[in-house]
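A.B. asks: I have a structure here, written as structure tokens, and I will follow up with some questions on it.
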Amino acid sequence: MTFVLALTLGLVAALGFAGTANAAEAAASGKDLAPLNIELPQPYFGGTPLDYFSPNLEEKSFKPRDPFMAPKDATNLSKGKKVTSSDTNPKLGKLTFVTDGEKGYQNDYLLELGTGVQWVQIDLEKTAEIYAVLVWHFHAADRVYFDVVVQVSDDPEFTKGVTTIYNNDIDNSAGLGVGKDKEYIETYEGRLIDAKGAKGRYVRLYSKGNTTDDTNHYTEVEVYGK
Amino acid sequence: METKESRRIPNWIVRILILLAVVGALALRLPRLDLRPLHGDEANQGIKTSILLEEGKYTYDPIDHHGPTLYYLALPLAWARGQFDRQSLTETTLRLEPVLAGTCLVALVFLLRGALGTWATLWAALFTAVSPALVFYSRFYIQETLLVLFTFTTLAAVWRYTRSHAARWLIVAGASAGLMHATKETCVLAFASMAGAAVLTFTWVRLRDGRFLSLRPHLRPLPIAAAVAAAIVLSVVFYSSFFTNGRGVLDSILTYANYAHKADGSHIHDKPWYYYLRLLILTHNGAGPWWSEALIVGLAGCGAVFGLCQKNGNRLIQFLAFYTLLLTAAYSIIAYKTPWCAINFLQPMALLAGFGAVNLIVAVRPLIPTGVTIALLLAGVCHLGLQTYRANFEYFADPRNPYVYAHTSTALVKMTDRVEDIAKISPEGRGLFIRVIAPDGDYWPLPWYLRRFSKVGYWPNIPEDCDAALIIAPSTLYPQIAPHLRDEYQTQTYTLRPGVFRLLFVRKDLWDEFMKTRV
């Protein structure tokens, strides 16, 4: 009985530790932490459920996302910042949509890039310590975007000093290396990527089509840091 | 029947304009024919064509396929391009046939120049050349564009015969009617609409103009007998697979029992009566452009009204107005609907639209200067051209394009590329064993895309021993398939059609070898 109790307490302690890992790391470096204040758009109720399966697909969670702990003075650095892209002539929307703060599911806020590997890049205007990148692709229906890769660098060409903070391309089809992150289904919560304090002035997000078509979409990207 | 206006245009200018219309039609239809993946129906017909090409075998199937002309007429194009088997036959070669048919549709409008007048003919040719739907389905390896071409040729040739009484036109009409029958079963709708339109035209002329139209001067036994013979001979030649399958001729008649059943509703392709009109007038699917061929539909309406209301009006236009109306109604009443059927009545609408455009320009002249009206109409034509570009080169397989219907996803081509990648590193090359599991029979267009592989098998159920170098199966079957596998696999998911996914299982040793080529 004592053994079972000890095991249970041990497990609870371990889970608690894991759940606050980013907080612990930050606390160790002497930073005050607080949950990121993320404003979520309205969820869209409708559309056909996605009948997609992949062993690399993250199971859909029906619970709200846990708060993300970051230093208290972390803010959204990307709001209103300049956006460039591999597709200079988007099929729909404007590049400014990516950082304009509008993240509703409505088509009015949607940027559509062409087919194949495409990227958008945000210029934060100065080198920053980045804690989280939050990205909404198209979220008015269940979709999985392929080969999602997010990188941070001080080089606008991304040829040197590149830190990859997310990569779910299992076969290097985007040509940026093999990644071990999971594919996921888009929701109104967006995808929160732990940047672990990566430093850089530019944030670049790649994708290569989705489960509906070959095009690439962005509704909003928020980069939290300081 | 020449108008004063048309007589003022020198013939050499008309010839240049005809040439421009035809070249323009070809320029919109011909480029990048391999851009769009093959639709399941195209793939199915491509495989039938490849069998005919390779083995010389074709047997008409009265249950689930259409007439034989599509396959036989593809052969000369394949031979001309040096393609003699399924390995070498390409999507471009298959689609060249409807491209040529669609271009001929533009050129043949000039057969009616004497009836429509030169300007109306030129407008009609322009609308036919740039219509998004007519261009889209001229790049689609199905029977529809051929059927529209043969139907129009029949109508035009009969008209020419009634003007000249030259027997050759009636023989052309008979031959075209035979080819209509040998192309698609729905030719009966066109035949019925032609008959109905003739009766209505005669009645209209009697009521409107107080005149009797008589068929008597046109009833010449020998030309009529020759036309009927031409129709029967061509139909029999094709349905009997060039006299090797007599049963095909009988089946070409018996098939109507099957099609009557399809038309009666309760089918996945059933749609409301207004489906085609909405499709042509205004469509907006999700984020993306609005689509409309309302200019053609609207001008066709104008053309019909002008033609019917004018005292001693244009008889051909009156006939076309009734014919188009009846054919549109027939396709709309039938519950079974697919978007390509719309081109059957869109093409005569384009003819009426040409007539409508010219008459509209004249009618509004007191209010709007001719140059302004022409500029507005040309702006509308440019908008049609823009939509045509988008439909064929941007949204070519995108469900937001109203003419894309249950189309194969471009991702499926990527899956085929991945299968080729694996074959390259496999010791067996294209002889590696590919197992396709499709319990619901939903595997098209895979046979086309896997046609170059020699060991491909299709299973309606999950076999006990499921292992293979590559396995392709619905993603929903993963939990059921996994217990039947002894080898390890890496899986990747690809979209077959929007919302329909296929898992590609790659045996682990092949995957590991493949990944060595990826870093």
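Residue numbers (the working numbering), protein chains in the order written: chain E, 1 to 226; chain P, 1001 to 1519.
For every residue, glycine included, the Cβ atom is placed at its ideal position computed from N, Cα and C.
It should be emphasised that the depicted structure is a prediction, and the values quoted were computed from it without experimental measurement.
1. Starting from the C-beta of GLN228(E), find all residues in its chain whose C-beta is less than 8 Å away, skip the five residues before and the five after it, and write them out in chain order.
2. Taking all protein chains shown into account, do 16 or more other C-beta atoms lie within 10 angstroms of the C-beta of SER1409(P), making it buried, or fewer, making it exposed?
3. Helix, strand or coil: which one does DSSP assign to HIS217(E)?
4. For GLU1293(P), does the count of other Cβ atoms within 10 angstroms reach 16, so buried, or fall short, so exposed?
5. What does the alpha-carbon distance come out to for the pair LEU57(E) and GLU183(E)?
6. Bridge partners of ASP123(E), per DSSP?
7. Beta carbon of ALA1101(P): closer than 7 Å to some heavy atom of the ligand FAD?
8. Given this structure, state the Cα-to-Cα distance separating VAL1023(P) from ASN107(E), to the nearest angstrom.
9. State yes or no: is the beta carbon of SER207(E) nearer than 8 Å to at least one beta carbon in chain P?
10. Taking 8 Å as the threshold (beta carbon to beta carbon), is VAL223(E) in contact with chain P?
11. Which of helix, strand or coil does DSSP assign to PHE1152(P)?
12. List in chain order: all unbroken alpha helix (DSSP H) runs of 4+ residues lying wholly within the stretch 1353-1390 of chain P.
13. Between the beta-carbon of ALA1120(P) and the beta-carbon of GLY1174(P), is there less than 8 Å?
14. Could you pull the start and end residues of the beta strand (DSSP E) that TRP1459(P) belongs to?
15. So that I know if they touch, is there some Cβ in chain E lying closer than 8 Å to that of ASP1465(P)?
16. Please decide whether PRO1348(P) counts as near chain E, where near means a Cβ-Cβ distance under 8 Å.
17. In angstroms, rounded to a whole number, what distance separates the CA positions of THR1153(P) and ASP87(E)?
18. Write down the C-beta distance between ALA128(E) and ILE193(E) rounded to the nearest angstrom, noting that I regard them as a contact closer than 8 Å.
19. If you reduce the DSSP assignment to three classes, tell me which class GLY80(E) lands in.
20. Out of TYR1141(P), PHE1136(P) and GLU1054(P), which one is the CA nearest neighbour of GLY1040(P)?
21. Give me the DSSP bridge partner(s) of ASN1011(P).
22. Considering Cα atoms alone, identify which of LEU1351(P), ARG1036(P) and LYS1508(P) is closest to ALA1156(P).
23. Under 8 Å, do GLY1303(P) and PHE1355(P) count as touching if we go by C-beta distance?
24. On the criterion of 16 or more Cβ atoms from any shown chain inside 10 Å, does THR1244(P) qualify as buried, or is it exposed?
25. Please list the residues of the stretch 1493-1508 of chain P that have a C-beta atom closer than 8 Å to any C-beta atom in chain E, keeping them in chain order.
26. Quick one, which of ALA34(E), THR219(E) and LEU40(E) has its alpha-carbon nearest PHE68(E)'s?
27. Suppose you measure from the CA of ALA1391(P) to the CA of LEU77(E); what does that come to, to the nearest Å?
28. State yes or no: is the beta carbon of SER1475(P) nearer than 8 Å to at least one beta carbon in chain E?
29. Please list, in chain order, all residues of the same chain as LEU1170(P) whose beta carbon is under 6 Å from its beta carbon, the five residues on each side excluded.
30. According to DSSP, simplified to helix, strand and coil, what is TYR52(E)?
31. Going by the DSSP bridge assignment, what does ALA128(E) pair with across the sheet?
32. Using the three-state DSSP reduction, which class does LEU1020(P) fall into: helix, strand or coil?
33. Along the chain, which unbroken stretches of the beta strand (DSSP E) at least 3 residues long are found entirely within the stretch 1437-1516 of chain P?
34. Going by C-alpha distance, which of ALA1129(P), ILE1281(P), VAL1519(P) and PHE1501(P) is nearest GLY1102(P)?
35. When the Cα atoms are used, what is the spatial distance from ASP155(E) to GLU125(E)?
36. Can you grab the Cα-Cα spacing for the pair THR1059(P) / LYS1337(P), in whole Å?
C.D. replies: Quick answer:
1. Only positions 1 to 226 of chain E appear in this structure, which leaves residue 228(E) out of reach.
2. Residue 1409(P) sits at position 409 when you count from the first residue of the second sequence. Under this definition SER1409(P) is a buried residue.
3. Here residue 217(E) is taken as the residue at index 217 of the first sequence, counted from 1. Residue state, collapsed to three classes: strand.
4. Counting from one through the second sequence, the residue named residue 1293(P) turns up at place 293. Result: buried.
5. Within the first sequence, residue 57(E) is the residue found at index 57, counting from 1. Within the first sequence, residue 183(E) is the residue found at index 183, counting from 1. Looking at the two C-alpha atoms, the distance is approximately 5 Å.
6. Along the first sequence, one-based indexing puts residue 123(E) at 123. DSSP output for ASP123(E) lists TYR202(E) as bridge partner(s).
7. Among the ligands in the structure shown, none appear at all, so the ligand FAD cannot be discussed.
8. Position 23 of the second sequence, counted from the first residue, corresponds to residue 1023(P). Position 107 of the first sequence, counted from the first residue, corresponds to residue 107(E). Straight-line Cα distance between these residues: approximately 38 Å.
9. Position 207 of the first sequence, counted from the start, is the residue given in the question as residue 207(E). No, SER207(E) lies away from the interface with chain P (no Cβ there is under 8 Å from its Cβ).
10. Counted from its first residue, the first sequence places residue 223(E) at position 223. Not one chain P Cβ lies under 8 Å of VAL223(E).
11. On the second sequence, position 152 is the one that residue 1152(P) refers to. If DSSP states are grouped into helix, strand and coil, PHE1152(P) belongs with the helices.
12. 1370-1389
13. As a working mapping, residue 1120(P) is identified with position 120 in the second sequence. As a working mapping, residue 1174(P) is identified with position 174 in the second sequence. For the pair ALA1120(P) and GLY1174(P), the CB atoms are not nearer than the 8 Å cut-off.
14. As a first step, residue 1459(P) is located in the second sequence; it is residue number 459 there, counting from the start. From DSSP, the beta strand (DSSP E) with TRP1459(P) extends over 1456-1459.
15. Residue 1465(P) sits at position 465 when you count from the first residue of the second sequence. No, ASP1465(P) lies away from the interface with chain E (no Cβ there is under 8 Å from its Cβ).
16. Counting from one through the second sequence, the residue named residue 1348(P) turns up at place 348. Answer no: the Cβ-Cβ gap between PRO1348(P) and chain E never drops below 8 Å.
17. Numbered from 1 along the second sequence, position 153 holds the residue referred to as residue 1153(P). Numbered from 1 along the first sequence, position 87 holds the residue referred to as residue 87(E). Looking at the two C-alpha atoms, the distance is approximately 46 Å.
18. The residue you call residue 128(E) lines up with position 128 of the first sequence. The residue you call residue 193(E) lines up with position 193 of the first sequence. Incorrect: roughly 15 Å between the Cβ atoms, too far for contact.
19. For the purposes of this step, residue 80(E) is taken as the residue at position 80 of the first sequence. Coil at GLY80(E), not helix or strand.
20. Against the second sequence, residue 1040(P) aligns to sequence position 40. Of TYR1141(P), PHE1136(P) and GLU1054(P), the residue nearest in Cα terms is TYR1141(P).
21. In the second sequence, the residue the question calls residue 1011(P) occupies position 11. In DSSP, ASN1011(P) forms no bridge with anything.
22. On the second sequence, residue 1156(P) is found 156 positions in, with the first residue counted as 1. Considering only alpha carbons, the answer is LEU1351(P).
23. Within the second sequence, residue 1303(P) is the residue found at index 303, counting from 1. Within the second sequence, residue 1355(P) is the residue found at index 355, counting from 1. The answer is yes: Cβ separation under 8 Å.
24. On the second sequence, position 244 is the one that residue 1244(P) refers to. By the 10 Å Cβ count, THR1244(P) comes out exposed.
25. THR1493, THR1495, PRO1498, GLY1499, VAL1500, PHE1501 and LEU1503
26. As a position in the first sequence, residue 68(E) is number 68, starting the count at 1. Out of ALA34(E), THR219(E) and LEU40(E), ALA34(E) has the C-alpha closest to the C-alpha of PHE68(E).
27. Counted from its first residue, the second sequence places residue 1391(P) at position 391. Counted from its first residue, the first sequence places residue 77(E) at position 77. Each residue's Cα considered, the two are about 39 Å apart.
28. As a working note, residue 1475(P) is residue 475 in the second sequence. Taking Cβ atoms only, chain E reaches closer than 8 Å to SER1475(P), which makes this a yes.
29. By 1-based counting over the second sequence, the position of residue 1170(P) is 170. Cβ neighbours of LEU1170(P) beyond the five flanking positions: TYR1161, PRO1223 and ALA1227.
30. For the purposes of this step, residue 52(E) is identified with residue 52 of the first sequence, where counting begins at 1. Coil.
31. In the first sequence, the residue the question calls residue 128(E) occupies position 128. Paired residues: GLY200(E).
32. Indexing the second sequence from 1 puts residue 1020(P) at position 20. It is helical.
33. 1456-1459, 1470-1474, 1489-1497 and 1500-1507
34. Position 102 of the second sequence holds residue 1102(P). Looking only at ALA1129(P), ILE1281(P), VAL1519(P) and PHE1501(P), the smallest Cα-Cα distance to GLY1102(P) is reached by ALA1129(P).
35. Residue numbering aside, residue 155(E) sits at position 155 when the first sequence is read from its first letter. Residue numbering aside, residue 125(E) sits at position 125 when the first sequence is read from its first letter. Distance between the alpha carbons of ASP155(E) and GLU125(E) is about 12 Å.
36. As a position in the second sequence, residue 1059(P) is number 59, starting the count at 1. As a position in the second sequence, residue 1337(P) is number 337, starting the count at 1. Each residue's Cα considered, the two are about 26 Å apart.
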